[in-house]
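Trainee: Have a look at the structure that comes next, please.
In the numbering used here, the protein residues as written are 343 to 634.
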């Protein structure tokens with residue numbers, strides 16, 4: 343059996359009974375379950391429809407995300423999440439670069455790296471080099487003034503942990519940011535790169551080895567082994583090319599507001615919903631959500 347889940351933006355919900363009924367009837371689905379009025383609904387189907395992606399494309403134009411997946415095992419025991427543009431709404435290095443006066447140059451490199459057009463490690467090294475001489479205290483300033491949480495993140499982490507899940511934040515960004523974001527959101531652990539500093543100034547270098555695409559896969563393997571879980575027990579979420587390894591290996595890999603070149607490689611794509619979409623995909627209703 344499979345389950346079809348329809349999700350829309352919770353701030354401007356566009357899901358209506360007629361639309362859900364129409365799709366359920368066309369696909370010969372089971373009873374409709376509303377996970378949240380006007381925002382998320384699901385129904386079962388016996389097989390994956392041949393026109394799944396054509397329907398997905400049509401629904402995208404209506405502001406609705408469609409996820410089709412096996413019913414069995416969809417509720418996961420571990421969350422593995424990227425940070426930049428996933429659990430927070432910014433790219434930390436871009437915000438630091440703005441403070442250093444090299445914002446436009448760094449943002450261009452970041453965009454190409456996240457799209458997969460540049461080698462991640464080389465791109466990170468180049469960008470960090472442009473931060474050389476920046477006052478280390480700027481990190482705290484950026485955290486306080488520029489970083490905002492992605493909507494739904496607190497509910498996602500709190501709900502999964504309240505039901506026995508484990509949450510790991512794994513970023514190609516920096517520990518100075520993951521430590522704070524991880525603490526605020528309630529993650530069990532965080533992994534990232536360490537910016538190097540001397541005499542209160544950034545040196546323009548990062549501690550090696552650099553945590554990139556493979557390191558995220560390594561985290562998936564290591565944490566599941568330590569907890570006695572399988573990779574199928576994991577729901578992973580990210581938006582950039584360096585997330586594709588972990589998204590492909592996890593039981594459910596979610597491309598969240600991802601670059602087109604990344605989204606097309608993932609079966610679960612959330613373009614309109616927020617991070618609570620990861621709860622709906624697992625079958626949680628809004629009434630099940632735990633507030634942090």
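All residues carry an ideal CB built from backbone N, CA and C; glycine is no exception.
1) Could you spell out where the alpha helix (DSSP H) holding residue 363 opens and where it closes?
2) Count the C-beta pairs between the region 371–378 and the region 612–631 that are closer than 8 Å, then say yes if the count reaches three, no if not.
3) Under 8 Å, Cβ to Cβ, is there at least one residue of chain E near residue 530?
4) Under a Cβ-count criterion, where at least 16 other Cβ atoms within 10 Å of its own Cβ denotes burial, should residue 614 be classed as buried or exposed?
5) First and last residue of the beta strand (DSSP E) that includes residue 344?
6) Would you mind reading off the limits of the beta strand (DSSP E) that contains residue 509?
7) Would you decide whether residue 483 is buried or exposed? Buried here means 16 or more other CB atoms lie within 10 Å of its CB.
8) I'd like to check one pair, residue 511 with residue 420: are the Cβ atoms closer than 8 Å?
9) Using the Cβ count rule (16 or more neighbours within 10 Å means buried), how would you classify residue 425?
10) For residue 477 and residue 533, I'd like the C-alpha separation in whole angstroms.
11) To the nearest angstrom, how far is the alpha carbon of residue 633 from that of residue 525?
12) On the criterion of 16 or more Cβ atoms from any shown chain inside 10 Å, does residue 395 qualify as buried, or is it exposed?
13) For residue 343 versus residue 388, is the C-beta spacing smaller than 8 Å?
14) Counting pairs of Cβ atoms below 8 Å between the region 582–598 and the region 552–559, do you hit three or more?
15) Check whether the region 544–554 touches the region 568–582, counting contact only when three or more Cβ pairs, one atom from each stretch, lie closer than 8 Å.
16) If I'm right that residue 544 touches residue 473 with Cβ under 8 Å, what's the distance once you round it to whole angstroms?
17) Helix or strand or just coil, what does DSSP make of residue 431?
18) Quick one: any contact between the region 494–510 and the region 615–625, if contact means 3 or more CB pairs under 8 Å?
19) If you draw a straight line from the C-alpha of residue 392 to the C-alpha of residue 600, how long is it?
20) In chain order, what are the residue ranges of uninterrupted beta strand (DSSP E) at least 3 long that sit wholly in the region 566–601?
21) By Cβ distance, which residues of its chain are closer than 8 Å to residue 610, with the 5 residues on each side in sequence left out?
22) Give every residue of the same chain whose Cβ lies closer than 6 Å to the Cβ of residue 382, excluding the five residues on either side of it in the sequence, and list them in chain order.
23) So what does residue 535 bridge to, in DSSP terms?
24) What's the gap between the Cα of residue 492 and the Cα of residue 475?
25) Alpha carbon to alpha carbon, how far is residue 578 from residue 565?
26) Would you mind reading off the limits of the alpha helix (DSSP H) that contains residue 381?
Mentor: So, from the data block:
1) 359–369
2) yes
3) No chain E is part of this structure, which consists of one protein chain only.
4) Buried: at least 16 other Cβ atoms inside 10 Å.
5) 344–350
6) 508–516
7) exposed
8) Not a contact, by the Cβ cut-off of 8 Å.
9) buried
10) Rounded to the nearest angstrom, the two C-alpha atoms are 23 Å apart.
11) 15 Å
12) It counts as exposed.
13) yes
14) yes
15) no
16) Indeed they touch by this definition, with Cβ atoms about 5 Å apart.
17) coil
18) yes
19) 25 Å
20) 576–580 and 594–598
21) 409, 411, 594, 595, 596, 597 and 623
22) Taken in chain order, the residues that qualify are 349 and 622.
23) 516
24) 30 Å
25) Here the alpha carbons of residue 565 and residue 578 stand approximately 13 Å from one another.
26) Residue 381 -> no alpha helix (DSSP H), and no H or E assigned at all.
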